[in-house]
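Student: Quick one: this structure, given as structure tokens, is what I'll be asking you about.
Written out as structure tokens, the structure reads:
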């Protein structure tokens, strides 16, 4: 009954067009003050303690690093390097776009930032070379989604934050810890490489089938020169992932390091970011960080209400008693998350759904790291389909194409992503091999 009232109120408020973060907070406050005896000071305390977690600091730092890199010419040099390596194959510039998106994703942590940084440079070049605009838009819109799967990933940080501290009981009755940010980052490496490869194969096949243009094959000298130009940006991948794996610093410290490093190479090495542009970049980063932190604060309140009313535990017990096994649960979760992607953006979905679904997944014996990666891949798909696919709107701004036209353009790559989602859901080893190999899980 309480669950019906809570979710009914949340959906009713969202249908009014109210921002999801405010709808979350308002639902929680109304229910707490009218249906429970929870003191007001407890609510105020939760609002502040919700964003006191050390891991949350990674979010503004990764956003700042991504903005420095977007404005600092790193993307342009990564595209040049990728083009020298694969430009001679069928659909060369399209393949270079996939490779460049994967490389930029590994330093930015943001999907929209990847679409903007790579798309704004490579899409005009593809059109000028004779590629259909729809082909280029499909490549960049979907490949840009790699920004939240290939570590570092802001969405992974949010999943870890949303589930940390929760008391999840496994099928054997033991308490199972939530996935750490470091585990999720390492777990995302192999799935990210596989998905980038599948998107590249889809790009190559369509280009080969339609006989799209190819670039002259670059010599090893040209490849070496483009690699040397891009090396400062590529080093950031080693700094973040290598630093976390070796224990040199935590993921949050890695985010701070990446922001400082990105500022130095963008301003003093590549010299594409002028000091007078710095306030604008800082303000844009602060705006986005404030928005996400506000959503997190309200989502923490929502999670507190769920726990207070014992809803996740009751849901898990109901599923176990009704005979629902792990693979049926994962089918239901995928359908639920894909449906949520039709009207909510990834941050809100993760922060609302993860605290509810995580205890149930653990109860059914699903590994928290595998479950987290599966949620991230769902969010990737959601960013590439209407009506609120964020990548579609970013790509629309770059290409000047309508959302309907873009939706048709991304379809072949979107089907590839859906096939990959099925694989990542039912083959846990794809996500868990590297954490197990490194002794992290």
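Numbering (my numbering), first residue to last: 3 to 443. In this text, a Cβ means the ideal position worked out from N, Cα and C, and glycines have one as well.
#1: Less than 9 Å separating the beta-carbons of residue 128 and residue 149?
#2: Considering only C-alpha positions, which residue in the set 130, 180, 184, 137 is nearest to residue 154?
#3: Taking 9 Å as the threshold (C-beta atoms), are residue 210 and residue 93 in contact?
#4: May I ask which residues mark the beginning and end of the alpha helix (DSSP H) holding residue 216?
#5: Please determine if the stretch 291 to 303 and the stretch 273 to 283 are in contact, where contact requires at least 3 C-beta pairs separated by less than 8 Å.
#6: Just checking, does the stretch 65 to 80 make contact with the stretch 26 to 36 on the three C-beta pairs under 8 Å criterion?
#7: Residues in its own chain within less than 7 Å of residue 117 by CB, not counting five upstream and five downstream?
#8: Taking only runs that begin and end inside the stretch 359 to 422, name each unbroken beta strand (DSSP E) of 3 or more residues, in chain order.
#9: Is it the case that the Cβ atoms of residue 383 and residue 193 are separated by a distance below 9 Å?
#10: Using a Cβ distance threshold of 8 Å, determine whether the stretch 212 to 231 contacts the stretch 410 to 422, with at least three qualifying pairs required.
#11: CB of residue 428 to nearest heavy atom of the ligand SAM: below 8 Å?
#12: Can you check the stretch 28 to 114 for any beta strand (DSSP E) of at least 3 residues that lies completely inside it and give the ranges in chain order?
#13: For a quick check, are the C-beta atoms of residue 22 and residue 346 less than 9 Å apart?
#14: Could you give the distance in angstroms between the alpha-carbon of residue 287 and the alpha-carbon of residue 66?
#15: Locate the alpha helix (DSSP H) running through residue 253, then write down its first and last residues.
#16: Residue range of the alpha helix (DSSP H) that residue 176 falls in?
#17: Within a Cβ cutoff of 6 Å, which residues of the same chain sit near residue 102, ignoring the five residues on either side of it in sequence?
#18: Would you say the stretch 243 to 254 touches the stretch 56 to 71, given that touching needs at least three Cβ pairs under 8 Å?
#19: When you compare only the Cα positions, how much space is there between residue 429 and residue 333?
#20: Terminal residues of the continuous alpha helix (DSSP H) containing residue 450?
#21: Considering only the alpha carbon of each residue, which of 137, 20, 203, 168 lies closest to residue 179?
#22: Apart from the five residues just before and just after residue 242, which ones in its own chain have a Cβ nearer than 6 Å to its Cβ?
#23: To the nearest whole angstrom, what separates the beta carbons of residue 55 and residue 182, a pair I think is in contact under 8 Å?
#24: Does DSSP put residue 170 in a helix, in a strand, or in coil?
#25: Pull up the distance between the alpha-carbon of residue 69 and that of residue 283, whole angstroms please.
#26: With a threshold of 6 Å on Cβ separation, who are the neighbours of residue 391 within its own chain once the five nearest residues in sequence on each side are excluded?
Tutor: Working from what's here:
#1: The residue labelled residue 128 in the question sits at position 126 within the chain shown. The residue labelled residue 149 in the question sits at position 147 within the chain shown. No. Outside cutoff.
#2: As a first step, residue 154 must be located in the chain shown, where it is residue number 152. Of the candidates 130, 180, 184, 137, the residue whose Cα lies closest to the Cα of residue 154 is 184.
#3: Taking the chain shown and counting its residues from 1, one reaches residue 93 at position 91. Taking the chain shown and counting its residues from 1, one reaches residue 210 at position 208. It is a contact, given that the beta carbons lie within the stated cut-off.
#4: One-based indexing of the chain shown puts residue 216 at position 214. Looking at the DSSP string, residue 216 is not in any alpha helix (DSSP H), and its letter there is neither H nor E.
#5: no
#6: no
#7: Locating residue 117 in the chain shown gives position 115, counting from the first residue. Result list for residue 117: 142, 143, 146, 393, 396, 397, in chain order.
#8: none
#9: As a working note, residue 383 is residue 381 in the chain shown. As a working note, residue 193 is residue 191 in the chain shown. Contact: no.
#10: no
#11: No copy of the ligand SAM occurs in the structure displayed, which carries no ligand at all.
#12: none
#13: Position 20 of the chain shown, counted from the first residue, corresponds to residue 22. Position 344 of the chain shown, counted from the first residue, corresponds to residue 346. In this structure, residue 346 lies closer than 9 Å to residue 22 by Cβ.
#14: For the purposes of this step, residue 287 is taken as the residue at position 285 of the chain shown. For the purposes of this step, residue 66 is taken as the residue at position 64 of the chain shown. Distance between the alpha carbons of residue 287 and residue 66 is about 5 Å.
#15: Within the chain shown, residue 253 is the residue found at index 251, counting from 1. Note, residue 253: alpha helix (DSSP H), 253 to 266.
#16: Within the chain shown, numbered from 1, the residue matching residue 176 stands at position 174. Taken as a continuous stretch (DSSP letters only), residue 176 belongs to no alpha helix (DSSP H), as it is neither H nor E.
#17: One-based indexing of the chain shown puts residue 102 at position 100. Counting only Cβ-Cβ distances below 6 Å, and skipping sequence neighbours, we find 80, 81, 84, 120.
#18: yes
#19: For this step, residue 429 is matched to residue 427 along the chain shown. For this step, residue 333 is matched to residue 331 along the chain shown. Residue 429 and residue 333: Cα-Cα distance of roughly 13 Å.
#20: This structure cannot settle anything about residue 450, because the visible part of the chain is limited to 3 through 443.
#21: Locating residue 179 in the chain shown gives position 177, counting from the first residue. Nearest C-alpha to residue 179 among 137, 20, 203, 168: 168.
#22: Taking the chain shown and counting its residues from 1, one reaches residue 242 at position 240. Here the set comprises 154, 256, 260.
#23: Locating residue 55 in the chain shown gives position 53, where the first residue counts as 1. Locating residue 182 in the chain shown gives position 180, where the first residue counts as 1. The pair is not a contact, with the Cβ atoms about 12 Å apart (cut-off 8 Å).
#24: Taking the chain shown and counting its residues from 1, the one referred to as residue 170 is at position 168. If DSSP states are grouped into helix, strand and coil, residue 170 belongs with the strands.
#25: What you label residue 69 is simply residue 67 of the chain shown in a count that begins at 1. What you label residue 283 is simply residue 281 of the chain shown in a count that begins at 1. Roughly 6 Å between the two C-alpha positions.
#26: The residue labelled residue 391 in the question sits at position 389 within the chain shown. Within the same chain, residue 391 has close Cβ partners 385.
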